[in-house]
Amino acid sequence: MKNELSPQDIAQYRHNGFLVVEDFLSPDELDFWRTALDEAVANRNGNKMPDRKEVYGKGDDADKSYYDNVFDQLINLWQDNDKIKQIMVDERLGKMAAQLSGADGIRIWHDQALIKKPWANPTSWHLDTPYWSFSDRRALSIWVALDDATYENGCLFFIPGSYLQTTFENPGIGKNMGAIFTTYPEFKTTKAVAAPIKAGSCSFHNGLTIHGAHANMTPGYRRAMTCAYMPDGSTFNGIQNILNDDAFSSLKIGDVLNNNDQNPLIYHKNQ
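Laid out in C-alpha cells, this is it:
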C-alpha cells in the first residue's frame, strides 16, 4: 500500500478538496480487496445494510427508480465480513485521512461498495457530508478503484476548491445532473476535473467537495470500495443516516459519536 503522503500531496488536497493516489494498492492487495468485495456482496443477498434491505432513516430524497440504475450500494460491509473489516480498520488508512484532513483522530463513519453496472445512469453532482449524522468540514472519503475507472464507465469528476464554500445544506440528488448549481450558482461555470484511475489506484475527497460520475457506457462493471471518515470528537446533528433505530433514539443533538462498535477509531496521533 502506498500510504506515505508528501507535503505537496497534502497541500494539493487542501487546495482542491480531492487527491488522486496512483497505484495505491499492490497487485496482491488489489486481488485481496476484489476477493473480499465479491464475497461480501454475495453474502449480503442484495441488502444495503448488515441487517436490512434499505438504509435507515427517511431516505435521501433521491429518485429511487433512477438511482436503482446508478449503482449498487452496500454499506458497512466491515460489520459482517472479516476480510472487509481487516481492510477497513487498517491504521494506515486512518493516518492518511488524518494527515489530509488535519484531524487528530479518525473514525469509520461507514464503508460502502459502489458497483456501477453495465449501462448504468450517471451519478449527479452532489455533496456527501450533508447526508451524515455529524457536521464537520474536515470529513472525507477514500474511493478505491477495483476496476479501471474510465471516462467511458463512470470515473469521478470533481469541482476543485468547491469544499471551501459549500455548506451543510443538502440540495439532494436526483435525475438532473446540474441541480446542485441552483444552490451553488458560483460553481456553474467552473471547469470540472476528471479523475480516471486504474484499478488499484484511489482518490480522497472532502465530503463538501462537489462531485459526480459519468454513466457507464460499457458492458462491463465499475467496482469501487469506499470509506467515509469522521474526525474523532464529532457530535450528533440529528440526522439518522446509517444509525440504526436504537442508536438514533438514544442520541441527542450534541452527543459525541464515539461508539466503537458502530464507528471504530482507526487512528489517533496520540495513540
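Residue numbers (this note's numbering): 993 to 1263.
Quick reminder that beta carbons are idealized off the backbone N, C-alpha and C, glycines included.
Expressed to the nearest angstrom, what Euclidean distance is found between the alpha-carbon atoms of residue i and residue j?
i, j, result
"D1140", "S1242", "42 Å"
"G1192", "C1219", "15 Å"
"I1002", "V1013", "11 Å"
"L1029", "M1080", "12 Å"
"W1117", "E1031", "30 Å"
"G1086", "I1258", "6 Å"
"N1073", "P1177", "42 Å"
"E1046", "I1107", "16 Å"
"M993", "A1089", "14 Å"
"L1017", "F1149", "21 Å"
"I1165", "D1096", "31 Å"
"K1050", "Y1005", "Interpretation of K1050 is limited by its pLDDT of 47, a score under 50 that renders its predicted location unreliable; the figure taken from the coordinates is listed afterwards. Rounded to whole angstroms, K1050 to Y1005 spans 33 Å at the Cα level."
"R1044", "G1038", "9 Å"
"G1246", "F1160", "16 Å"
"D1060", "N1208", "14 Å"
"V1062", "G1094", "32 Å"
Going by Cα to Cα distance, which pick from the options is closest to residue i?
i, options, result
"W1293", "V1062, Q1157, D1253 and K1040", "Residue 1293 is absent from the model: the chain starts at 993 and stops at 1263."
"H1206", "A1239, F1179, P1223 and C1147", "C1147"
"P1286", "T1210, N1250 and D1247", "Any answer about residue 1286 is impossible in this case: the structure gives the chain only from 993 up to 1263."
"N1262", "M1041, I1098, Y1005 and T1158", "I1098"
"W1025", "F1228, H1260 and R1215", "R1215"
"V1136", "L1156, T1121, D1120 and H1197", "H1197"
"S1127", "M1222, N1250, P999 and Q1091", "M1222"
"C1194", "I1202, I1134, T1174 and G1164", "I1134"
"K1244", "V1062, D1020, S1125 and P999", "S1125"
Identify, in the order they occur along the chain, each residue of the same chain with its Cβ nearer than 6 Å to the Cβ of residue i, setting aside the five sequence neighbours on each side.
i, result
"P1152", "N1008 and V1185"
"K1075", "A1028"
"F1240", "Q1232"
"T1182", "I1151"
"V1248", "T1227"
"N1251", "none"
"T971", "Look at the range of the chain in this structure, 993 to 1263, and you will see that residue 971 is not part of it."
"P1042", "N1068, Q1071 and D1072"
"T1175", "P1163"
Can you give me the Cβ contacts of residue i inside the same chain, cut-off strictly under 8 Å, excluding the 5 residues immediately before and after it?
i, result
"Y1169", "It is worth fixing the name first, because residue 1169 is Met in this sequence and not Tyr. Around M1169: P1114, S1116, W1117 and G1204."
"G1212", "P1110, D1139 and N1145"
"L1022", "L1138, A1191 and G1192"
"Y1123", "D1052, N1162, I1231 and N1233"
"K1040", "E1046, V1047, Q1065, L1066 and I1067"
"N1035", "D1072 and N1073"
"Q1091", "L997 and I1002"
"Y1058", "N1113, G1166 and K1167"
"D1015", "K994, K1190, G1192 and S1193"
Once you ignore the five residues that flank residue i on each side, which residues in its own chain have a CB closer than 7 Å to its CB?
i, result
"Q1104", "Q1065, L1066, I1067 and T1218"
"L1200", "L1119, T1121, R1129, Y1155 and T1158"
"Y1173", "The residue asked about is misnamed: residue 1173 is Phe in this sequence, not Tyr. Counting only Cβ-Cβ distances below 7 Å, and skipping sequence neighbours, we find F1179 and K1180."
"H1260", "D1096, G1097 and D1224"
Compute every distance between the C-beta of residue i and the non-hydrogen atoms of the ligand ZN, then say whether any falls below 6 Å.
i, result
"N1073", "With respect to the ligand ZN, the structure shown offers nothing to examine, as it has no ligands at all."
Taking 8 Å as the cut-off, does the segment 1223 to 1233 touch the segment 1060 to 1067 (at least 3 CB pairs, one atom from each stretch)? no
Those runs of the beta strand (DSSP E) which lie wholly inside the segment 1106 to 1150 and span at least 3 residues: The qualifying runs are 1115 to 1118, 1132 to 1137 and 1148 to 1150.
Continuous alpha helix (DSSP H) assignments of at least 4 residues falling wholly in the segment 1137 to 1216: 1172 to 1175
Taking the runs of the beta strand (DSSP E) that are 3 residues or longer, which of them lie wholly in the segment 1050 to 1100? DSSP runs (the beta strand (DSSP E)) wholly in the segment 1050 to 1100: 1064 to 1067.
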